[in-house]
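Asker:
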Amino acid sequence: MDTTQSVVERSAIKKVAYRLVPFVALMFFINYLDRTAIAFAGPNGMNADLGLSAAQFGFASGVFFIGYILLEVPSNLALHRFGARRWLSRIMVSWGIVSLLFVWVSSVEGLYILRFALGVAEAGFFPGAILFLSLWVPSRHRSKILALFYLAQPLTTVVGAPLAGWLIQQEGLFGLEGWRVMYLGVSVPAIVVGIIAWFYLADSPAKAKWLNPDEKTWLTNALETEKKETTASHKHVSVRTVFSNGRVWMLSAIYFGFIYGLYALAFFLPTIIAGFESQYGAKFDVLQKGLITAIPYVFAAFALYFWSKDATKRGVKTWHIALPALIGGLSVPLALFAGSPAATIAVITVTAMAIFAALPNFWTVPTQFLTGAAAAAGIALINTVGNLAGFSAGFVTGWLKDWTGGYTVPMFVVGGLMLLSAVLMVVLGRSGAGNATAAPETADSAAVESAAAR
């Protein structure tokens, strides 16, 4: 690579990191906050007002994913056809409107309907965002770009949990209960940012006004060359065959374990913290509970960034995904025997760090053997299976808690599924499909990492 091209490459990737990733990450931040708002509403008035049992709360949490799953693949194919700018904007405004309706929900049945409708409205957003960002940078830069994007998820709880707690404390605003005020506060930003996205996003580097001609040419040529090489190496993988592709289904099963653990924590951690009073005699107000909920995700954000940085330098290896799954699977049941609020949160922090360290690196794998519409379908299929875990985590955890009277059995289920993900990732790596899925950085791309991190 000559010096001129190195400068153009660094400049192009730096601009993508600065101009595109933060905005898409903001969209993801709002997305994750809206879908998990029920976790904060439940133990802070909603369960009592609507008369929800743990199983009903779990079903309401999980039914979101049924609506999401039904339209996941069609939505991502529509994004590929109509362009990310239009489709991601449409999705965001739609879920913002549905989320706003939670302010006036008055029955268990109404809650179920709105959670299902929210899933329908959000369908395709996350895999669409992953696909969108993957189509902007060559594979050697993809791990760090996805890591910067994925930082929004733990930071949603770091910022969102105290924010949700503060909004809930605004009891009486507009004559609403605190949990209804919270829904109002998290839904309006989705509508506003969704409208802005229509004008801010560009569907490809060639259409980005903030790239100069040299940068547009370099990105377009690099992506086109990579697409041709991938297509030549994997001619058998098309939209039609992706649904029978063994690697896609193996990745789907691995992702299922990660997402089961992620949402079991997301939906029930606030409830577990609320239970510290009866279990240990520790009393916290709503804002303090929100701050405690944020603790595991602060450390998870650091783990995500530095683990992905290492993966970018070395090239993503099997152990970058399997080792966190192993650690997460072993740590989850240990929280049951911690003996104090501080120890419980410490163990849960290890679990959160493990899950978030693995996820950005996991998403570099599908685009190594899928391109174009097949990539859209494959990523959507993997995410669809993962979101089956989203439904299962909420409903099964709540049901098992009601059945057994505690969280022992539910947490062992979480740990077992994450351990299964670790085993499957090792199997996939030994088959040659999951090891060294992204080439390590060159000296030039390492310089880009430094620029992107600043």
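Each residue of the sequence shown is one higher than the one before, counting from 431 in the numbering used here.
Even glycine gets a Cβ: it sits at the ideal position worked out from N, Cα and C.
Return helix, strand or coil for Ala442, following the three-state DSSP convention.
Answerer: If DSSP states are grouped into helix, strand and coil, Ala442 belongs with the helices.
Asker: Drop a sphere of 10 angstroms on the beta-carbon of Asp715, count the other beta-carbons inside from all chains shown, and report buried for 16 or more, exposed for fewer.
Answerer: So Asp715 ends up on the exposed side.
Asker: Under a three-way DSSP split, which group does Pro568 fall into?
Answerer: Reduced to three states, the DSSP call for Pro568 is coil.
Asker: Would you tell me roughly how many angstroms separate the C-alpha atoms of Lys445 and Leu649, rounded to the nearest one?
Answerer: Computed Cα separation, rounded: 11 Å.
Asker: So what's Thr794 in DSSP terms, helix, strand or just coil?
Answerer: Here Thr794 sits in coil by DSSP.
Asker: Val678: buried (16+ other C-beta within 10 angstroms of its C-beta) or exposed?
Answerer: By the 10 Å Cβ count, Val678 comes out buried.
Asker: Measure how close the beta-carbons of Thr415 and Gly481 come, nearest whole angstrom, since I'm counting them as under 8 Å.
Answerer: Absent from the model: residue 415. The displayed extent of the chain is 431 to 884, so no value can be given.
Asker: How many whole angstroms separate the CB atoms of Thr814 and Glu502, which I take to be in contact at a CB cut-off of 8 Å?
Answerer: With 8 Å as the limit, Thr814 and Glu502 qualify as a contact, their Cβ atoms being about 4 Å apart.
Asker: Inspect the beta-carbon positions of Ser491 and Ile468 and report whether they are closer than 8 Å.
Answerer: Closer than 8 Å, so yes.
Asker: How should Glu707 be labelled, buried or exposed, when 16 other C-beta atoms within 10 angstroms of its C-beta is the threshold for buried?
Answerer: Exposed, by the Cβ-count rule.
Asker: Leaving out the 5 sequence neighbours to the left and right, which residues in its chain are closer than 6 Å to Ala819 when beta-carbon positions are compared?
Answerer: If we look at Ala819 and ignore the five residues flanking it on each side, its Cβ neighbours are Phe686, Ile689, Tyr690.
Asker: Between which residues of its own chain and Arg515 is the CB-CB distance below 6 Å, once the five residues before and five after are set aside?
Answerer: The residues are Leu631, Asp633.
Asker: Quick one: residues in its chain with C-beta nearer than 6 Å to the C-beta of Arg449, no 5 flanking neighbours on either side, listed in chain order?
Answerer: Answer for Arg449: Trp640, listed in chain order.
Asker: From this set, Pro840, Ser851, Leu578, Leu756, which residue's C-alpha is nearest Leu734's C-alpha?
Answerer: The shortest Cα separation from Leu734 among Pro840, Ser851, Leu578, Leu756 belongs to Leu578.
Asker: Note down the Cα distance separating Val437 from Lys574, rounded to an integer number of angstroms.
Answerer: Computed Cα separation, rounded: 19 Å.
Asker: By Cβ distance, which residues of its chain are closer than 7 Å to Val856, with the 5 residues on each side in sequence left out?
Answerer: Cβ within range, chain order: Thr748, Ala752.
Asker: For a test of the three-state rule: what should DSSP assign to Ala866, helix, strand or coil?
Answerer: Because the pLDDT of Ala866 is 43, which lies under 50, any placement of that residue in the model is unreliable, and the question is left without a value.
Asker: In the DSSP assignment, find the unbroken alpha helix (DSSP H) run with Glu707 in it and report its ends.
Answerer: Counting along the chain, the alpha helix (DSSP H) containing Glu707 begins and ends at 706 to 710.
Asker: Could you tell me whether the Cβ atoms of Gly558 and Leu606 are closer together than 8 Å?
Answerer: For Gly558 and Leu606, no; Cβs fall outside 8 Å.
Asker: For Gly895, does the count of other Cβ atoms within 10 angstroms reach 16, so buried, or fall short, so exposed?
Answerer: Any answer about residue 895 is impossible in this case: the structure gives the chain only from 431 up to 884.
Asker: Can you round the beta-carbon distance between Phe821 and Gln583 to whole angstroms, since I take them to be within the 8 Å contact cut?
Answerer: Incorrect: roughly 18 Å between the Cβ atoms, too far for contact.
Asker: Where in the stretch 625 to 693 do unbroken runs of the beta strand (DSSP E), each at least 3 residues long, occur, reported from the N-terminal end onward?
Answerer: With a minimum length of 3 residues, no continuous beta strand (DSSP E) run stays inside the stretch 625 to 693.
Asker: Buried or exposed for Arg511, going by 16 or more other Cβ atoms inside 10 Å?
Answerer: When all chains shown are included, Arg511 counts as exposed.
Asker: Determine whether the beta carbon atoms of Gly808 and Val672 lie at a separation below 8 Å.
Answerer: Closer than 8 Å, so yes.
Asker: Which residue's Cα is closest to the Cα of Val762: Ile812, Leu692, Gly828, Ile703?
Answerer: With distances taken between Cα atoms, Val762 lies closest to Leu692.
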